[in-house]
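J.: The structure under discussion is supplied below as C-alpha cells; questions concerning it will follow.
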Amino acid sequence: MKILGIDPGTTRTGYGLIEKDRGVKLLACGLIDGEGVGKENRLSHLEKGIQALINTHKPDLVCLERLFFSKNKKTASSVSEARGVILLVLQKSGVDFVEFSPSEVKSAVAGDGGAGKRDVLRAVMWTLGVKDIPGPDDISDALAIALRGAFDLPLRGS
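The sequence shown begins at -5 in this note's numbering and counts up by one.
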C-alpha cells in the first residue's frame, strides 16, 4: 500500500511517499516549494503540485497534518488556506485521506507527543532504515505523518 504524507505550509509543503507491505519503505520525498512564486499564485502552485503527486504516484492513502492552534493568526490563516487547497484536490481525486494532529504523529513515531524535530527525524530515519533525509524538516515531518498512517494498517501476509 502506498501512503503519501503531507506537511502543509504557507510557502513550502513537504511530502513523503512510503510503501507498507511486510515493512515500510521510502519511495519518494521532497517539497512543493512556493518560495519563488508570488503570493497571489502560491495556492494555484500548491494545487498543481499536489495533483501532480497524486497523478504520478497514485497513493492508496494520503495522511495530512491537522492544523494546530497557533498564536500567530496570519500563519494559521495561511496554513488553513493551503490545507483547504490540499483537501479539495484530494476530494476531487477520490483519494482516501486521514488527518492527524502533530502530537498524534510525534507520539506514534517518536514515542512522545511533545518530541522535538530532531527526535522525530531520528525516529523516521531509523524506521525507514535510511541514513539521511535531505532538505528541510518539512520533508521529515511529512514522512512522519505517512508513517503515522502506516502504523494503523495491518502488515500484509500477517
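We put the CB at the ideal spot given by N, CA and C, even for glycine.
I need the straight-line Cα distance from Glu13 to Lys(-4), nearest angstrom please.
T.: 4 angstroms
J.: In chain order, which continuous runs of the alpha helix (DSSP H) of length 4 or greater are located wholly inside the segment 9 to 81?
T.: 36 to 51
J.: Excluding sequence positions up to five away, which residues of its chain have a Cβ less than 6 angstroms from the Cβ of Ser101?
T.: Gly107
J.: Quick one: is Glu41 near chain C, going by C-beta distance under 9 angstroms?
T.: Of the protein chains in the structure, only one exists, and it is not chain C.
J.: Taking just the CA atoms, how far does Cys23 sit from Glu29?
T.: 18 angstroms
J.: Tell me which residues share the same chain as Arg150 and place their Cβ nearer than 7 angstroms to its Cβ, disregarding the 5 neighbours each side in the sequence.
T.: Note on Arg150: pLDDT 49, under 50, position unreliable in the model; the coordinate value appears next. Counting only Cβ-Cβ distances below 7 angstroms, and skipping sequence neighbours, we find Asp15, Arg16.
J.: Taking the alpha carbon of Ser74 as the reference point, which residue from Val89, Gly3, Val31 has its own alpha carbon closest?
T.: Gly3
J.: Can you tell me which of the three DSSP states Lys86 falls into?
T.: helix
J.: Measuring CA to CA, which of Val92, Val124, Asp131 is closest to Lys21?
T.: Correcting the residue identity first, residue 21 is Leu in this sequence and not Lys. Taking only the C-alpha atoms, the option nearest Leu21 is Val124.
J.: Within 10 angstroms of the Cβ of Phe153, are there 16 or more other Cβ atoms? Answer buried if so, exposed if not.
T.: No answer is possible for residue 153: it lies beyond the span of the chain, which begins at -5 and ends at 152.
J.: Compute the Euclidean distance between the alpha carbons of Asp131 and Ala117, then round it to the nearest angstrom.
T.: Here the C-alpha atom of Asp131 lies approximately 13 angstroms from the C-alpha atom of Ala117.
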